[in-house]
Structure formats: C-alpha cells, structure tokens
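Below is one structure, written out as structure tokens; the observations come after it.
Number of protein chains: 2
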Amino acid sequence: MQSDDRRELAQQLRVDTVRAPSVTGSGHPTSGMSAAELMAVLLDGYLHYDFSAPDNPLNDHLIFSKGHATPLLYALYKAAGAIDDDELMTYRLRGSRLEGHPTPVLPWVDVGTGSLGQGLPFGVGIALAGKRLDRLPYRVWVLCGDSEMAEGSVWEAFERAAYEQLDHLTAIIDVNRLGQRGPTQYEWDTDVYRRRAEAFGWHAVEVDGHDVDAVDGAYAEAVATPGKPTVIIARTVKGKGVSAVENVGGQHGKAIADVDAAIAELGGARDIGVSVSAPTGNGKPHVFETGSGELPTWNVGEKVATRGAYGAALAALGTVRGDVVALDGEVSNSTMSEKFKHAHPERFFEMYIAEQQMIAAAVGMAARGWVPFASTFSAFTSRAYDFVRMAAVSRASIRVTGSHAGVEIGQDGPSQMGLEDIAAYRAIHGSTVLYPADANATAKLVAAMADRAGVSYLRTTRGATPVIHEPDADITIGGSAILTSSDDDVVTICAAGITVHEALRAAETLAGDGVSVRVIDCYSIKPLDADTVREAVAATGGRAVTVEDHRAEGGLGDAVLDALADSGVCSRVRKLAVRTMPGSATSAEQLADAGIDATAIAAAVRDLARKA
Amino acid sequence: MQSDDRRELAQQLRVDTVRAPSVTGSGHPTSGMSAAELMAVLLDGYLHYDFSAPDNPLNDHLIFSKGHATPLLYALYKAAGAIDDDELMTYRLRGSRLEGHPTPVLPWVDVGTGSLGQGLPFGVGIALAGKRLDRLPYRVWVLCGDSEMAEGSVWEAFERAAYEQLDHLTAIIDVNRLGQRGPTQYEWDTDVYRRRAEAFGWHAVEVDGHDVDAVDGAYAEAVATPGKPTVIIARTVKGKGVSAVENVGGQHGKAIADVDAAIAELGGARDIGVSVSAPTGNGKPHVFETGSGELPTWNVGEKVATRGAYGAALAALGTVRGDVVALDGEVSNSTMSEKFKHAHPERFFEMYIAEQQMIAAAVGMAARGWVPFASTFSAFTSRAYDFVRMAAVSRASIRVTGSHAGVEIGQDGPSQMGLEDIAAYRAIHGSTVLYPADANATAKLVAAMADRAGVSYLRTTRGATPVIHEPDADITIGGSAILTSSDDDVVTICAAGITVHEALRAAETLAGDGVSVRVIDCYSIKPLDADTVREAVAATGGRAVTVEDHRAEGGLGDAVLDALADSGVCSRVRKLAVRTMPGSATSAEQLADAGIDATAIAAAVRDLARKA
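This is how it looks when you write it as structure tokens:
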C-alpha cells in the first residue's frame, strides 16, 4: 500500500475500534486508537501470516501485550478478512469468541493477555522456540503499552531476549502517555524507555507513532538489525482521531459516548481489505533426534530423592520424545533438571532467577507445540503465580515442578519452604497437582505429565526417601495406592509425598498396639482418586486422618474433604498440616514440630479411634 | 578504624562466616565471604544503628537481600556486640533465632529475606516511609547478590526508588560472579549493571569490593549524592580468602569442608569489636494530624459497590487514624482507593503497575509501624504472591484489597477475574480473608483490618449490590450473619460477597415453594465462624450448599468443609463454584453460566433436600 492508503487503513481500524465496544458499552477504544498506524503498517507491510492457516509453522506471531486493546486487534482481523463485520459486532457478547481480552479461543491468538506485562515475556518464549527449537525464521511482534513497562516481568523479558540475541523479536511500545487513572510516570519522555532498552541490550528506535512512513522505517530497521531484538518506542496520542477523547484523561476503558459523531470525525466507514503476506517457503519445524530408552526404575527399599527421580525421568523422557524441553530458574543442580540439561543441552533453557519469564517462556513454547517442563523450588513457583493463572487462560499445556517442598527441607527455614503451592496450583482451572512419595511414582508421573493438557504441577522432596512402589506399579494421574489395608482398619490415613513415609511408620507403631489403619498414598492430589478415598473412609467407620507437609488450607486435606463432601459418607476427618511458622531445624525436627510426623499421626489416629 | 583494622575486621567476619555453618554442616559461607570488606566498612564507618535499642526510630536499616548470606550477617551482629559467640554457634539449630535466612525473630532484622529479589523492594518501602511518612533522616542499606538482579522485582524497585528520589537508599551489589549452579549471565562485567542502574535513574559507583579504601569512598559518595539513590557495584570474589573455595564453582550453599584449615588461612580467630555509631539527635517520627469522624454507613436497600465502600471507609479511617496509609497499583479509580488519595494525599502512594513493589513497599512501611492498605484488582494480587508469602515470614501486618472479584465483573473476561485469590490468601500463614456482601460490612471490616496482625485480605465486588446489613450490625473478623432462619430450614446455604445476594434470591424462590433454607453470610472466610456454620448445618439435617464466585478449590466451600470435618456433624455438602473457563458476558450471565446464581442455588437445594 501507499502511505495514503495506510493512513486510510488506520482510520478504518479506528472506526472499528470505536464501533466494537459500542455493542455492550464496554471496552477500551482509546487504547487501540493510539496504535492504529502502528498496526496498519505492520499488517500491510511486515506481518507474514496466513490467516486461513493459523497452524502454518512459518507464520509470524502477533501478541497484544496490552490485551485490553482488543477492539483494535479484532479490527485488524476484520481488515485481514479473518472475521467479518457481523462477528466484529459480537464483541464482548456472551458466547462470542471476541472476548474483552484476547484468548486462544481465537485461532490467531497464541496466548491470553490482559494481565499487563505478560505479553512480551510470552513473546520471548515463542521467539526462543523459533530460534532454538523450531529453527524457523518467523518473527514475533509484541504490542506493549507504556504503563506496563512498570512491571518487572517486562525487564525479565528484555534481559532474556537480549541475552539470547532474539533479533526476530520486535517490541512496539505504544507510548500514549495516559494510563488507566492518569498520566504514566514518564509521559512522552520516550528517551527514558530508549535508555533502559539499550542498557538491557536492545536496539531502540524512537518514532512518531502516527507517521506511517516513519513507522515503516522503524519496522524496516527492526528487520534489518541483526544479533539483538529491536524495540520501537512510538510516541502516540491516546484516543487519536476523535476530539472528544483524544489525549483526554478519564477515558480509559470506556466506550465512546457518541459513536456516530466519532465515526464521522474519523471520515466515516471504509471497507479496506488487506492482503496480508503469507509466509513463503515450506520450512518445517526442526525435529530433534530421538533414541530408544525406558523410564528409569528403582528397587523397593532404595533411598532416592524424588527430585533426583524427576531429573532422571525427564532426561529419559527427553531421549524418547524430541518435543520435551526443560527450563530452570538457576537451580537445576537442586531441582535436578540438570540431568536433562546434560543429556539434551539443545533443549534446555537456563532462565536464571526470573521465574515469571521462565513460566512465560514455557507458555510461549507450548503455544508452538513443544512440551515444556519448568522447574524451581516449590516456594519460588509462587513468584510466577499470575503467569500460571494466565497460562490456564492461554489454554497452555505446561508442566511445573517445585522441588524442596515443605518443612522437610530442614535448616534453610521458611523462606525456602513451599507450603502454599498445592493450594495455589489446585485453584488453577484445569490443573493437575501431583506429589509422589517415591522415585518410581515420580518417574511414571513425569511421563504422564507430558501427555497432560493444561497446567500440571509436580511437587518433589529434597531428602532421600525409600522406594515403596514396585517398578511396575500402576501409578497414574487420578490414581492412588492403598499401602496398608485389612478388614480391621479403624482409620484411613491419606498422605502424600514425604508424609506417606511418616504414615507408614505410624501404621507400623499402631499395628504393634493392635490398631489397624489403612494408608493411602494420594500422589494425585488433583484429580484425587475420590472413589478410593470414599470407599476407604466408609470402610473405616468414616474416620480419616489427612497429613500433609503444607498449610492446612487448600491442600490434600481440603481435597479429601471435597471428595467426601457430597458422598453420603458420614465422616470425621482430622487434618494434620503445618500450622506454625517454622524456623531452622533438621528435617525430622521440622516434621515433629509441625505435628505431621509419625508420632503426631499415631496420636491423631488413637484419638480419632476413640470417637464414634 | 584505620584501613588495616578494617581489613582485620573483614577477616574476622570471614572466620565467623566459615565457623557458623560448620555447626550443622549447612549454610552459605562463600556467599558471605565475598562481601566481608563491604560490610566491615559499612559497619565501622557508615551504619548508624543502636544495637541496644533496635526500636530507635532514627536507626539506619540494613537488609540482606541476598538472605542466604546469614553467616556474614550474624558475624556482623557479633562484631557489633549484639550477639555473643555462643549464640553464633547455634546457627541453624532448632530453636535458634539465627535461622538459615534472616527473619524478624531477630530484633535487628526488619524483613524476612531469602526469596531473592525481595530485599531491595522491601528497602524501597522503608525508604519511602523514611522520606514521606516518618520524615526522619535514617538511611537504608541493602546488600544484593548479582544473581538476583535477574528478578524483575529488582527493576521495579530501581524504578520506584529513582522516581521517588530516595537518596537515603543505597544498594550494594556483591558481584561475586558465581550463582548457585554456575556463572551469572554477566560475571564480572560490572558495566552492565552500571548502565542499567543509570538508565533507571540511579547514581552508580563501580568499585573493587575487597579494597576497603575504595569501598569507603563509594559509601562516602553514596551519602553525598543528593536527589537519587546510589548503587555500589562491587566486583568481588566468591569464597574470598580460602583457597579451597575462592572463585571455585560448585561451592554455593555448602559448608566449608576443612574449617580449621580455612580459619588458619584467614589468619586465625580475632576478637575485634566494633563500636557502631548510634544515630544522633532525638527526632521522632512524623505524626499526621487526625480529626474526628465516623465510618460511613449506608441504609439498607441502597445499592452500593463494596469497592466504593472500601474507598469511603478507608478515607474515613485515615481521618481518625494518622498511621493508616494506602498504596495502589495504578487502578485507584477502580479499587476506589482514590477516595483515600483525595482525602489524604500525603499518605497515598501511587505504585503504578508494579504489584510486587507495591506489596513490598507495604511490608517495608509495616516494618516501620505504619498501617498499610494496598489495593489492585483481585486477579492481579496474584502477581505478588511470593511477596505476600514473604510478608508472613516477615511477620508483617499488611492489608491487601482485591477488587473486581470473580466472574461477576462481566465482559472483561477471565484475565481480569480474581478466581484463585481466596485459595491463595487462605494458605498464607496467619492470614485473614474477608469477603463482605455489602457496604456496611465492608466499612466495618476495613476498620477491623487496621488492628489485625498478619496479612489481611479483603475481596470487593465491581457492581453495586443492595445493602443488607443495618448500619449498627455486629460485623467482626471471625463472625458471620445468619440472614434467614426458621425451625423448618432444611438446608444451610453458606455464601460470601456477591453470592450472598444470589442466595437470598434463591431463598425467596424456595420459600415460595415451601422450602425453607438458612442463609449465612460468611463474610469472614478465614477465620470462619465455624461454630455458627456447624450449628446451622446440624440444624438443617447436615445438608449444606456452599456457593462462591471463585474456583472450587481452596475457597469458601473448602473452609466450610474444614469447619465440619472433625465436628461430629454428619453432613452432606454441595459446593457450587466456578468450574469452567468464562468468556465475556454480562454479570448475570456469568453467574448463571458458572452455576452460582440464584437458579443454580435453588436447584442444588432442591436436589439436596431430597437426600437423606
């Protein structure tokens, strides 16, 4: 297109950006109007995308990190012929795939955005996949808002992208000066962003975001700059083109009051279609060589840390599956993902201590069809909780492993103890939460996670524990294992991970006193094997003890209560969990002090057995 | 001290840094040894601190953001005479206050650290308190590791500190080149850190961290630099002074194998005491003027959004209490904390879209005795979850308000919906979780939060709902309100927030059909009014429906189940919660689609009433 045509296209995008929010009287038109030229020039001149084949691996990727600017995004889709005007006018209606913020319900959307500061980190993940996994020349374009530059996650992304020399990644900052409730910190001082971006190793271009020729030049410069990502810092005007809202405060997230007047001021409706360039060539994603191999197994009675089993299993899985990749937050010698790194260095991603970018990269890689496993200490998975939440909104299948769970870690103290992770991950939509007690169970669950849709979380233990499951035991997501059972059982003990071993010790002590208990290894906390739990509790007179190295809220105990809640089993359940703030002590002391060791379990069983 | 004496002091610090971890064979000596000169010079020459009076408001603040370097921190305390050698040698033992990572169990520790990238943001909070609240000249010194510079939260802190011109804040980066599992990204390229710090508006000084005179000069420069914070970027050697570990990989987090040899190499034990300069003068923290006033109240039947009531109540509370301060993540016109901002601008802190720094600042202010309320969308409180977790470890009393809870928000879609927040906050140690259904309850709970220890979380609703509680209703943390009750009740409905209104509508419908239900407003989810819930469920034949605008895991339903678990009440509880991934729709449509509206509640009650 000529420059004039691009200007017309931008005005059309503005018209549609005004119209769509008028359907429900909600949305963020002014946040899209500032970026109309930026996106018009991109769509016409630089984006390589086959809208009829969103699965084409050669397609570029366009991410709206400022996810609230959906009216503009959908206006682009309409201009590209991907949706028609009727669909545009379903914006934000019940059942429409044109949601208030973009989600992969739409085939052209890779990741869900709308929690600010996440689109760029997701884009870094896709760009990493492009360079190191797919090995395809697609480009990644991310439209950012100026307000979201305050999020630390954005700077994690800047760092990672520069360090990895992602020169096929371009960020476009729409510096429209106005945030939700007022001016941004730096308003139109685009130099601030330039200095920071350059200090983080990016090539930066400052541009008038409404000058289509200048914008074209900036994109050309981005494409031509090797060895580093480029950021285009575009000075723009929020609400541009409609005097009632142009550069006016208090207009964020509000539909335009007088739509007809706005459309008239924008020059009326147009019907410009853009023939977006499809990617050329027929490159295919790189396929990593695989070999034959089997999951590791261990003999019953061997002492192995489940974190070690995780590393060994992941490495073995990587040998037979070329799509499995691993990321770690600079603790691979603790999570033991280093075993994968040594076996498959090309597919290992060192993310340093930047857990948000780590999870975001996993989401980006998943969007490209890879099978990412990300690991750090269970305590530090909490750092990326909003990214995990958005992974679910992104319909991403990612796997997170949190090592060093619970008070069991011992002397390092509470800052290093994951005690809230089960609650946090259980609450994620569509999630899977696993906490194996031994190495054999761990290995089988790692393999199962690779095929699991959604967010899967595996919790591993620091110290070595005895292998209790036979190498050929039936360990599955949604399963459980009854470890002790007799007709005389008076109480069911539901345990997971480290507390399984305490429960077995308690069972032994109790057996010596003639008290028989049924111990269930609830290694699959979500989905829980509810049928087995219900049957066991019913068989033991409704009496159950749950015991977990985790806070009392939202963990295994609550999962067991949920299984019993509407079952008709009249139950009495005692929850043992960590209810104090630990200090430093040995692992055994910690378990005792928290009241979740064998002694505490046995005491709870004895007390409960005395009840009706 | 003369330079030679400072060198000797540094060697003593190293000796103790080696000795303490030898007690349990765990700890991070090498991470402290790199910073011995940096801390020796600070302790002797620049820190103003009265170790006999840690509550002296004029004291400086020293934060080890690299919290694993506790052996060095405790060696400092010993050199300052705050602890003796016997106590030093209790390091990491059960019951010792010298934990593996610092916590405020020690009177000289302001905040818990050990989750990297948090100490500097906490320090920014204290520095903000010093400048804008206490208005005292104390300085804040934060020792950072080089690895943790990868955390985005660090850059949130850099931004905030520069923007607020915190020239009494000094960060010291101990660039020892080696992270946990290998070299850092930039190793000894200290220019990288300098460029970034300068781009973020800081004064930066590069220095040889083992040259006591150079270090002294750097501190002097920091103190003399007005208008901006200073970062001292110190090139150091990990494990410095002991050849077995000096600049050697694989030595992170490991006690020194041969302690005697190490001590000998360091020149043996010394017994140097430092007379740390106490702060001079007798300034007192600023006291904000207060006035008389009362909490706002509303008439029953008025339609008010609880977020609006939050803002109004907080503003009123600020009028009568000068210690109450507010922070917001650039959404004060949505959370309605802007009402506080307009009433008390001096005590309002705009944190922009940087939720981690927002929570960290609240923790820092709480460490100085202020009563912070931080607010953003409930969905985005998840961004700072690790900081909330560490707030509990820090024994901080902070209040967080998450607005726009649940699917009730309507068209904006899932990225903006807080659906995991109750689970996340319930799992925090010592937390309080509140979710009022109306304006009067909101106002009373806001006032109660101000006096509440620990982390308190308040969840507010976007839309306006009718006031249901009388202005003088008894609304307390740990309380509840029975809204409908008769001897004929067959089912108890436990609801909170928006679902209280749906439950009341369901009760009305059911009453028309001759089905009587007991509706409880469980506005205090943690602590839950367990007695009232148990009595009600027992009185309604063990039948209960829980209904919440939140995921099914870890929320109100699980809290109710917990109250019943070990109570002896034989119950059948049906949990209604959000089990799908919402899209965009109106508020009423969302509640219907999620199965948590009046219709769904009534259906659940009818079905349950048919059960035994």
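Quick mapping for you: the protein sequence lines, in order, are chains A and B. Just so we're aligned, residue 1 is where the first sequence starts under the numbering used here, counting upward by one. Just so we're aligned, residue 613 is where the second sequence starts under the numbering used here, counting upward by one. For glycine and all other residues, C-beta sits at the position ideal for the given N, C-alpha and C.
Contact between Thr540/A and Thr492/A holds, since their C-beta atoms are separated by about 5 Å, short of 8 Å. Inter-residue distance for Ser646/B and Phe960/B is about 39 Å (C-alpha atoms, whole angstroms).
By the Cβ-count criterion, His954/B is exposed, with fewer than 16 other Cβ atoms from all chains shown falling within 10 Å of its own Cβ. Under the DSSP assignment, Gly1014/B falls in the beta strand (DSSP E) whose first and last residues are Ile1010 to Ser1015.
As summarised for the segment 732-789 of chain B, the continuous beta strand (DSSP E) elements at least 3 residues long and confined to that stretch are 752-757 and 781-787, given in chain order. For Tyr964/B, no beta strand (DSSP E) encloses it, and the DSSP letter there is neither H nor E.
In the three-state reduction of the DSSP assignment, Pro1078/B falls in the strand class. Residues of the segment 990-1004 of chain B whose Cβ lies closer than 8 Å to any Cβ of chain A, in chain order: Ala991, Phe992, Ser994, Arg995, Tyr997, Asp998, Arg1001, Met1002 and Ala1004.
Listed along the chain, the chain A residues whose CB falls inside 9 Å of the CB of His1041/B are Pro414, Leu419, Glu420, Arg551, Val578, Arg579, Thr580 and Met581.
Distance from Val936/B to Phe992/B at the Cβ level is roughly 22 Å; contact not present, criterion being Cβ atoms closer than 8 Å. Relative to Tyr435/A, the option among Gly114/A, Asp549/A, Ala79/A and Arg270/A whose CA is nearest is Asp549/A.
Residue contact with chain B for Ser587/A: absent (no Cβ-Cβ distance below 8 Å to any residue of chain B). According to the DSSP assignment, Val854/B belongs to no beta strand (DSSP E), since it is labelled neither H nor E. Around the C-beta of Thr103/A, 16 or more other C-beta atoms lie within 10 Å, and the residue is accordingly described as buried. Per the C-alpha coordinates, the member of Met701/B, Glu1120/B and Ala836/B positioned closest to Val630/B is Met701/B. Nearest C-alpha to Pro466/A among Ala439/A, Leu458/A and Asp451/A: Ala439/A.
Within chain A, the residues placing a beta-carbon under 9 Å from that of His713/B are Asp412, Gly413, Pro414, Ser415, Gln416 and Ser584, ordered along the chain. For Asp5/A, the three-state secondary structure derived from DSSP is helix. Cβ proximity to chain A below 7 Å picks out Glu1165, Gly1166, Asp1170, Leu1173, Asp1174, Ala1177, Asp1178, Gly1180 and Cys1182 from the segment 1164-1183 of chain B. For a Cβ distance threshold of 7 Å, residue set Ile353 of chain A lies close to Leu728/B, ordered along the chain.
Looking from the CA of Asp746/B, the closest CA among Ala890/B, Ile1110/B and Gly737/B belongs to Gly737/B. Note that the C-beta distance between Ala809/B and Val819/B is not below 8 Å. Contacts with chain A at 8 Å (Cβ-Cβ) do not include Ser646/B. Taking the C-beta atoms as reference points, Gly1066/B is found no nearer than 8 Å to Thr1096/B. For Phe340/A, no CB of chain B lies under 8 Å from its own CB, so it is not counted at the interface with that chain. Interface residue (Cβ-Cβ distance to chain A less than 8 Å): Ala1035/B is classified as such. Proximity of Thr24/A to chain B, defined by a Cβ-Cβ separation below 8 Å, is satisfied. Along the segment 735-764 of chain B, going in chain order, the ones with a CB nearer than 7 Å to a CB of chain A are Ser759, Glu760, Ala762, Glu763 and Gly764. When Cβ-Cβ separations below 8 Å define contact, Arg1146/B makes no contact with chain A. Restricted to the segment 1136-1164 of chain B, the beta strand (DSSP E) segments that are unbroken, complete and at least 3 residues in length are 1136-1138 and 1155-1163, listed in chain order. Using a CB distance below 7 Å, the part of the segment 670-701 of chain B facing chain A consists of Gly679, ordered along the chain. Sorting Pro582/A, Val245/A, Ile601/A and His252/A by C-alpha distance to the C-alpha of Ser946/B places His252/A at the top. Here DSSP, grouped into helix, strand and coil, assigns Pro984/B to strand. Excluding the 5 residues flanking it on each side, Gln416/A has same chain C-beta neighbours closer than 7 Å at Phe377, Ala379, His404 and Ile409, in chain order. In terms of Cα proximity to Ala20/A, the closest of Arg177/A, Asn176/A, Gly595/A and Ile256/A is Ile256/A. The DSSP-derived three-state label of Ile845/B is strand.
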